[in-house]
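Chains as they are written, first to last, in our numbering: chain G, 22 to 336; chain L, 8 to 297. Idealized CB from N, CA, C, for every residue including glycine.
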């Protein structure tokens with residue numbers, strides 16, 4: 022691809038993603054595509070943290086849960102409109118992410134992975150805890166309403182929701198790609214690859230790591246909010262280990278240090294388990310497992326690196 | 008007071024199980040600086056193998072003696088086939104493979120053995136609790152087995168040439184290779200031993216919490232908390248840590264947080280240890296040269 026084309030391509034892709042599904046997709050397909058956007062934002066959040074910054078997190082589902090619950094509680098208990106809950110959930114998640122990022126500074130690689138794994142295991146229990154039951158609805162969870170299209174737009178609720186998520190997702194993707202291309206992104210990668218050299222170059226490692234954690238949590242939290250609005254329901258058992266591992270699989274399959282990889286990873290986690298489930302109920306886990314191991318051996322850079330390879334050959 | 012004593016003894020019994028799994032984790036950590044996420048699922052799978060044998064009519068202790076070598080082979084093969092090629096890869100690659108293994112063991116077990124809870128027999132008899140009702144036969148028996156396992160592992164590392172070679176390979180692989188220790192074989196042996204210890208722990212815990220594919224998730228977490236608390240660089244520390252976590256879990260569950268937050272207790276212990284005293288109670292502080 023030549024440089025102008027690669028500059029224009031994301032915008033063309035975005036435009037096509039905004040128009041084509043509205044014309045051709047059924048309501049159910051549209052729901053699935055909305056979930057792809059939701060997952061793409063979540064995987065992007067994990068890419069920033071694990072792919073670019075090298076902090077392996079297996080617990081990003083916790084941030085997704087916090088985002089989802091923030092939106093659900095604000096809508097259900099305070100009557101806040103769905104779109105206005107996003108800034109709140111972004112703030113809450115960034116704050117929590119920053120706080121979790123502080124002890125994470127102490128934890129090298131493996132420890133961090135296991136601690137975040139423990140966080141993923143504990144999340145449903147915390148959500149069910151009876152002290153919070155007045156807010157979270159306990160095991161029952163919270164049901165929320167599906168928003169209608171505003172300003173009398175000629176769209177049904179599914180179509181509007183898809184466009185809304187796509188718009189929010191588009192803004193976040195733009196922000197992330199600008200961030201990783203600039204000074205911040207270089208610092209993040211330097212910390213991942215050569216922490217000692219990075220520190221010697223004057224990069225404040227602690228600051229960058231905690232802020233990357235906060236940013237990742239912010240992205241994942243907004244994704245959780247969008248997911249809650251799309252599914253119209255939050256309940257503790259949806260936010261356990263499988264969710265966090267799903268994001269992890271999406272990141273590995275798409276390619277950790279890649280913006281476009283997040284979209285490919287999201288497509289994978291939305292559609293492949295559906296296909297695998299037709300084989301057997303237990304199959305998605307086995308398929309995920311096999312694919313994870315396969316990617317680690319054959320394509321550690323994920324699908325994005327395959328794309329890069331093809332591009333490089335053509336240019 | 009009786010209640011407290013009873014909780015304390017139950018805590019020691021479950022602590023023994025955590026101590027075994029913690030020891031398995033530490034063995035792999037010491038050799039490779041990796042924490043095996045799939046340790047619990049491997050143990051769960053071994054326990055299913057044992058159950059299948061028992062249901063096929065094999066007596067308990069024979070099934071026990073067959074399961075342990077099968078698990079050993081499983082661990083050693085995983086090390087040879089999957090972990091060895093990734094020895095120098097970034098952490099993300101190993102974490103990916105561990106998670107992949109975890110998912111595969113879990114769903115394959117669900118596939119073959121279904122997700123329904125299954126009772127697992129205890130070899131120690133169902134009879135009345137002993138010593139004035141404080142300890143069940145199974146608790147006493149499983150604690151005894153755990154102690155025997157832990158002692159024999161300790162003796163193996165302390166008194167045999169092979170144990171010495173394994174310690175050397177873990178401590179300084181380069182020099183060990185120079186004096187003729189086959190380091191890769193030692194690592195495979197370590198994985199095999201860890202898988203066997205896990206299998207025994209699985210068979211000891213299954214009668215208490217019932218067998219299902221997700222049985223070991225909590226156990227793994229407590230074991231990890233125990234390993235960290237005692238110091239992940241110190242096998243004896245990890246064992247003591249496992250017992251302490253078992254006691255904290257039972258007393259905390261009974262008197263402080265209630266059973267709903269038991270897993271959160273493990274998370275809490277992990278975070279507190281790592282932030283306050285990352286080396287653990289008995290571990291050495293790691294100093295790295297830059």
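Euclidean distance between Cα positions of residue i and residue j
| i | j | result |
| --- | --- | --- |
| residue 143 of chain G | residue 276 of chain L | 12 Å |
| residue 226 of chain G | residue 218 of chain G | 11 Å |
| residue 335 of chain G | residue 279 of chain G | For residue 335 of chain G, the predicted model reports a pLDDT of 47, less than 50, meaning its position is unreliable; a value from the coordinates is still stated below. When rounded, the distance between both Cα atoms is 20 Å. |
| residue 232 of chain L | residue 196 of chain G | 38 Å |
| residue 288 of chain G | residue 38 of chain G | 13 Å |
| residue 255 of chain G | residue 93 of chain G | 7 Å |
| residue 239 of chain L | residue 114 of chain G | 31 Å |
| residue 79 of chain L | residue 202 of chain L | 6 Å |
| residue 125 of chain G | residue 210 of chain G | 17 Å |
| residue 142 of chain L | residue 48 of chain G | 60 Å |
| residue 169 of chain L | residue 120 of chain G | 46 Å |
| residue 191 of chain L | residue 91 of chain L | 8 Å |
| residue 103 of chain L | residue 317 of chain G | 7 Å |
| residue 17 of chain L | residue 149 of chain L | 11 Å |
| residue 261 of chain L | residue 252 of chain G | 37 Å |
| residue 71 of chain G | residue 224 of chain G | 18 Å |
| residue 248 of chain G | residue 89 of chain G | 7 Å |
| residue 97 of chain L | residue 61 of chain L | 42 Å |
| residue 91 of chain G | residue 94 of chain L | 42 Å |
| residue 299 of chain L | residue 256 of chain L | Because chain L in this structure spans residues 8 to 297, residue 299 of chain L falls outside the shown range and cannot be described. |
| residue 300 of chain L | residue 79 of chain G | Residue coverage of chain L in this structure runs from 8 to 297, which leaves residue 300 of chain L outside it and unanswerable. |
| residue 186 of chain G | residue 32 of chain G | 16 Å |
| residue 148 of chain G | residue 216 of chain G | 36 Å |
| residue 156 of chain L | residue 204 of chain L | 8 Å |
| residue 263 of chain G | residue 167 of chain L | 43 Å |
Proximal chain G residues relative to residue i, where beta-carbon distance stays under 7 Å
| i | result |
| --- | --- |
| residue 53 of chain L | Under the 7 Å cutoff, chain G gives no residues; its nearest Cβ is about 18 Å from residue 53 of chain L. |
| residue 241 of chain L | Residues of chain G passing the Cβ test: none, with the nearest at roughly 16 Å. |
| residue 113 of chain L | 306 |
| residue 228 of chain L | 139, 142 |
8 Å Cβ cut-off: residues of chain L touching residue i
| i | result |
| --- | --- |
| residue 124 of chain G | 278, 281, 282 |
| residue 71 of chain G | 99 |
Under 9 Å from the C-beta of residue i: neighbouring residues of chain G
| i | result |
| --- | --- |
| residue 211 of chain L | The premise fails here: residue 211 of chain L is roughly 22 Å from chain G at the closest Cβ pair, so nothing lies under 9 Å. |
Chain-ordered chain L contacts of residue i [CB-CB under 9 Å]
| i | result |
| --- | --- |
| residue 127 of chain G | 281, 282, 285 |
| residue 131 of chain G | 36, 40, 41, 42, 98, 101, 102 |
Residue i: contacting residues in chain L (beta-carbon distance under 7 Å)
| i | result |
| --- | --- |
| residue 147 of chain G | 271 |
| residue 321 of chain G | 100 |
| residue 309 of chain G | 110 |
Pair within 7 Å by beta-carbon distance, residue i and residue j
| i | j | result |
| --- | --- | --- |
| residue 52 of chain L | residue 120 of chain L | no |
| residue 172 of chain L | residue 38 of chain L | no |
| residue 268 of chain L | residue 146 of chain G | yes |
| residue 206 of chain L | residue 123 of chain L | no |
| residue 117 of chain L | residue 180 of chain L | no |
| residue 323 of chain G | residue 274 of chain G | yes |
| residue 235 of chain G | residue 130 of chain G | no |
| residue 240 of chain G | residue 193 of chain G | yes |
| residue 280 of chain L | residue 243 of chain L | no |
| residue 34 of chain L | residue 187 of chain L | no |
| residue 58 of chain G | residue 158 of chain G | no |
Inter-residue CB distance, residue i and residue j (contact presumed, cutoff 8 Å)
| i | j | result |
| --- | --- | --- |
| residue 139 of chain G | residue 228 of chain L | 6 Å |
| residue 66 of chain G | residue 237 of chain G | 5 Å |
| residue 209 of chain L | residue 82 of chain L | Not a contact, Cβ separation roughly 13 Å. |
| residue 56 of chain L | residue 77 of chain L | 6 Å |
| residue 67 of chain L | residue 128 of chain L | 6 Å |
| residue 310 of chain L | residue 27 of chain L | Any property of residue 310 of chain L remains undetermined from this structure, which presents chain L solely from 8 to 297. |
| residue 63 of chain G | residue 81 of chain G | 7 Å |
| residue 13 of chain G | residue 326 of chain G | Given that chain G is displayed from residue 22 to residue 336, the structure contains no residue 13 of chain G and the question cannot be resolved. |
| residue 244 of chain G | residue 85 of chain G | 6 Å |
| residue 237 of chain L | residue 288 of chain L | 6 Å |
Segment limits, alpha helix (DSSP H) that includes residue i
| i | result |
| --- | --- |
| residue 192 of chain L | 190 to 216 |
| residue 144 of chain L | 144 to 166 |
| residue 37 of chain L | 9 to 39 |
| residue 47 of chain G | Note, residue 47 of chain G: premise wrong, no alpha helix (DSSP H); not H, not E. |
| residue 237 of chain G | 226 to 252 |
| residue 5 of chain G | Lying before the first or after the last residue shown, residue 5 of chain G is absent from chain G, which here runs from 22 to 336. |
| residue 76 of chain G | No alpha helix (DSSP H) holds residue 76 of chain G; DSSP gives it neither H nor E. |
| residue 216 of chain G | 216 to 221 |
| residue 282 of chain L | 269 to 283 |
Within chain G, the residues that residue i reaches when beta carbons sit closer than 8 Å
| i | result |
| --- | --- |
| residue 231 of chain L | 135, 139 |
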